[in-house]
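The sequence shown maps to residues 1 to 248 in UniProt numbering.
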Amino acid sequence: MNLTLKIWRQKDAQSKGKMVDYKVTEISEHMSFLEMMDVLNEQLINSGEEPVAFDHDCREGICGMCSMYINGEAHGPDRGVTTCQLHMRMFKDGDTITIEPFRAKAFPVLKDLVVDRGAFDRIQHAGGYISVNTSGNTQDANAIPISKHAADEAMDAATCIGCGACVASCKNSSAMLFVGAKVSQYALLPQGQVEAVDRVKNMVAQMDLEGFGNCTNTGACEVECPKGISLENIARMNREFLSANIKG
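#1: Tell whether a beta-carbon distance below 8 Å holds between residue 221 and residue 161.
#2: In this structure, does DSSP put residue 87 in helix, strand or coil?
#3: So, with DSSP's three-state summary, where would you put residue 177?
#4: Between which two residues does the alpha helix (DSSP H) carrying residue 198 extend?
#5: Pick from 133, 126, 147: whose alpha carbon is nearest that of residue 198?
#6: Should residue 29 go down as buried or exposed, given a rule of 16 or more other Cβ atoms within 10 Å for buried?
#7: Have a look at residue 121 and residue 158 and give me their C-alpha separation to the nearest angstrom.
#8: Applying the 10 Å Cβ sphere with the 16-neighbour rule, what's the burial state of residue 96?
#9: Would you kindly report the start and end of the unbroken alpha helix (DSSP H) that includes residue 36?
#10: Which residues in the same chain have their Cβ closer than 7 Å to the Cβ of residue 155, if we skip the five residues on either side of it in sequence?
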């Protein structure tokens with residue numbers, strides 16, 4: 001395939017950015033999107049130009065670092081995959097592909113397609129943990145009955161990788177799906193009850209402090225989420241938050 005790439009280039013957080021056009025040729029449909037970006041960068045390096053900066057690590061859909069906004073969609077046109085799992089067979093020969101960083105005030109651009117998602121880390125630090133000592137206490141843990149339904153829902157919430165697609169796809173740049181998932185994975189289990197009141201209040205407060213918007217109720221976050229995190233987690237977070245404020 002021969003493609004035209006329109007890529008956001010920005011030297012650093014203080015500089016103004018712009019879209020720059022590039023041509024890439026002989027791209028195999030079996031390549032991943034990041035492999036295609038590698039081909040472009042090799043081409044740029046060989047011609048003495050600055051390669052395009054983009055985040056990546058495991059390239060297995062686990063870490064969430066590879067987040068890109070591709071043709072107006074977080075992680076691109078496929079569903080249930082991260083950018084590193086997106087393959088070029090989703091595009092056609094001669095296509096023009098627009099590639100941008102995730103856009104949100106709370107995710108400032110560091111360089112080109114790389115954004116600072118430290119806001120998510122700070123929300124996690126505000127309450128995304130438990131104080132119950134589970135190390136070496138497997139007998140005690142196994143003695144606590146947990147319904148299969150609750151365990152499955154907790155595991156579904158815990159699959160959130162914090163990539164930020166929910167924020168990028170929301171017109172208000174809301175992080176409520178992410179926070180809802182992180183609250184839910186503990187709220188559904190007995191081990192998470194010790195900090196339940198403080199957890200949801202602190203995490204919601206930190207979310208607001210970071211400058212994320214409120215939920216739009218349009219459901220775009222669930223559609224674009226590579227792990228299929230359900231909107232039910234936002235509803236659960238709202239219930240937990242209301243309950244925590246009533247309890248004081």
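We put the beta carbon where it would ideally sit given N, CA and C, even for glycine.
So, to answer that:
#1: Position 221 of the sequence shown holds residue 221. Position 161 of the sequence shown holds residue 161. Here residue 221 is not near residue 161, since their CB atoms are 8 Å or more apart.
#2: As a working note, residue 87 is residue 87 in the sequence shown. Residue 87 carries a strand assignment under DSSP once its states are collapsed to helix, strand and coil.
#3: Residue 177 sits at position 177 when you count from the first residue of the sequence shown. In this structure, residue 177 counts as helix in the three-state DSSP scheme.
#4: As a position in the sequence shown, residue 198 is number 198, starting the count at 1. Its alpha helix (DSSP H) spans residues 196-209.
#5: The sequence position of residue 198 within the sequence shown is 198, counting from 1. Nearest option by C-alpha distance: 126.
#6: Here the question's residue 29 lines up with position 29 in the sequence shown. Only exposed fits residue 29, as fewer than 16 other CB atoms lie within 10 angstroms of its CB.
#7: Along the sequence shown, one-based indexing puts residue 121 at 121. Along the sequence shown, one-based indexing puts residue 158 at 158. In a straight line, the C-alpha of residue 121 is about 15 Å away from that of residue 158.
#8: Here residue 96 refers to the residue found at position 96 when the sequence shown is read from its first residue. With a 10 Å radius around the Cβ and a threshold of 16 neighbouring Cβ atoms, residue 96 comes out exposed.
#9: On the sequence shown, residue 36 is found 36 positions in, with the first residue counted as 1. Element bounds for residue 36: 33-46.
#10: For the purposes of this step, residue 155 is taken as the residue at position 155 of the sequence shown. Nothing meets the Cβ criterion.
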